[in-house]
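All remarks here apply to the structure that follows.
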Amino acid sequence: GESVGLHLPTLSVQEGDNSIINCAYSNSASDYFIWYKQESGKGPQFIIDIRSNMDKRQGQRVTVLLNKTVKHLSLQIAATQPGDSAVYFCAGDSGGGADGLTFGKGTHLIIQP
Amino acid sequence: GAVVSQHPSWVICKSGTSVKIECRSLDFQATTMFWYRQFPKQSLMLMATSNEGSKATYEQGVEKDKFLINHASLTLSTLTVTSAHPEDSSFYICSSQVPSSYNSPLHFGNGTRLTVT
Chain V
-6 GESVGLHLPT LSVQEGDNSI INCAYSNSAS DYFIWYKQES GKGPQFIIDI RSNMDKRQGQ
54 RVTVLLNKTV KHLSLQIAAT QPGDSAVYFC AGDSGGGADG LTFGKGTHLI IQP
Chain L
3 GAVVSQHPSW VICKSGTSVK IECRSLDFQA TTMFWYRQFP KQSLMLMATS NEGSKATYEQ
63 GVEKDKFLIN HASLTLSTLT VTSAHPEDSS FYICSSQVPS SYNSPLHFGN GTRLTVT
C-alpha cells in the first residue's frame, strides 16, 4: 500500500513569509496527490492536487511541486497569513479513488506574528 | 462544490452503549464513502469503505462487528460504534468523492468527536 510521510511535525514561520511543507511517499504507483488543510476540530479541507504527469501546479497563494524521481512533493504557501495556521496533510492515491487515500503524518504550521 | 455533512459534531456516551454517526452527501450522489478515524495529534487512518447497496470493506485490524456501516442510499452512510469503550474515543470523519473523472479529491465532513466515559 501507499506510505506517505512528512519530514517535520511542526513548522513555525513569520507572518508574511513563505512556507514550504514537505512530504515523501514510497509507492511509485501513486499517480495522484492531494494537500489538505485541517483546522482544529474540523475535517480536512482540500487545498490543491496534482497528477503524476505534472511536476508543478499553482493555485491561489499555493504551489505544489512533485518530484517523482525522489518521490517527494511539497506545498508552498506564499505570504503566510494567520489564517494559514493548521495541520497540513499530504495524501496519495494509486487506485483512482476507489481505495480511499493514504495520509501522511501531518505538519502543524504555526504563524508567528 | 461538493459538500459532505456529518452529524453529530460531537457526542458523549457511556461505556457499553452504541452511537450512530451519519454522513450525507448534500449535492452529489455518493456511491462510495470512506470512514476515517483520527486520534489526537495523529493522522487520519482509513477504517472502512462504504459502498451503496453492498457490504462495507474494512481495513485490517478494524472490527466489522464493532463498527457497523450502512450505506442504504446514494446520499447517506452511517457508522455505528457498538458497545463503545473509552478506547473508542476518537475523531471520526467521513468522506466521499464526486463520481466523475478517474482522479478527484475526497471531500470530508467536519468530523464527529466521540468521547466514551
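Protein chains in written order, with this note's numbering: chain V, -6 to 106; chain L, 3 to 119.
Where is the CB? At the ideal position from N, CA and C, for every residue including glycine.
Quick one: residues in its chain with C-beta nearer than 6 Å to the C-beta of residue i, no 5 flanking neighbours on either side, listed in chain order?
i               : result
L108 of chain L : S97, Q99
E32 of chain V  : A79
L94 of chain V  : A84, D86
In or out: residue i buried (at least 16 other Cβ within 10 Å) or exposed?
i                : result
T3 of chain V    : exposed
M47 of chain V   : exposed
K66 of chain L   : exposed
T34 of chain L   : buried
E(-5) of chain V : Here the model assigns E(-5) of chain V a pLDDT of 46, short of 50, so the residue's position is not dependable, and the following value carries that caveat. So E(-5) of chain V counts as buried.
T51 of chain L   : buried
Run through DSSP, which three-state label would residue i get?
i                : result
G76 of chain V   : helix
E24 of chain L   : strand
K90 of chain L   : As written in the sequence, residue 90 of chain L is Asp, which differs from the Lys given in the question. The answer is helix: DSSP assigns D90 of chain L an H, G or I state.
K98 of chain V   : coil
E(-5) of chain V : Its pLDDT being 46, under 50, E(-5) of chain V is placed unreliably in this model, and the value from its coordinates should be taken loosely. Coil, per DSSP.
K35 of chain V   : coil
S145 of chain V  : Nothing in the structure corresponds to residue 145 of chain V, since chain V is present only between -6 and 106.
F110 of chain L  : strand
Q99 of chain L   : coil
C46 of chain V   : Sequence check: residue 46 of chain V is Asn here, not Cys. In this structure, N46 of chain V counts as coil in the three-state DSSP scheme.
Please report the distance separating the alpha-carbon of residue i from that of residue j.
i               : j               : result
K43 of chain L  : V83 of chain L  : 22 Å
T114 of chain L : I95 of chain L  : 6 Å
I43 of chain V  : D24 of chain V  : 9 Å
V6 of chain L   : S5 of chain V   : 31 Å
M174 of chain L : V21 of chain L  : Only positions 3 to 119 of chain L appear in this structure, which leaves residue 174 of chain L out of reach.
S45 of chain L  : L116 of chain L : 17 Å
K30 of chain V  : I40 of chain V  : 7 Å
G63 of chain L  : A72 of chain V  : 42 Å
Under the assumption that residue i contacts residue j (Cβ atoms under 8 Å), give the Cβ distance between them as a whole number of angstroms.
i              : j              : result
L59 of chain V : F26 of chain V : 7 Å
A86 of chain L : C25 of chain L : Not really, about 18 Å apart at Cβ, beyond 8 Å.
Hey, is residue i close to the ligand MN, as in C-beta under 6 Å from one of its heavy atoms?
i              : result
T59 of chain L : As far as ligands go, the structure on display features none, and thus does not contain the ligand MN.
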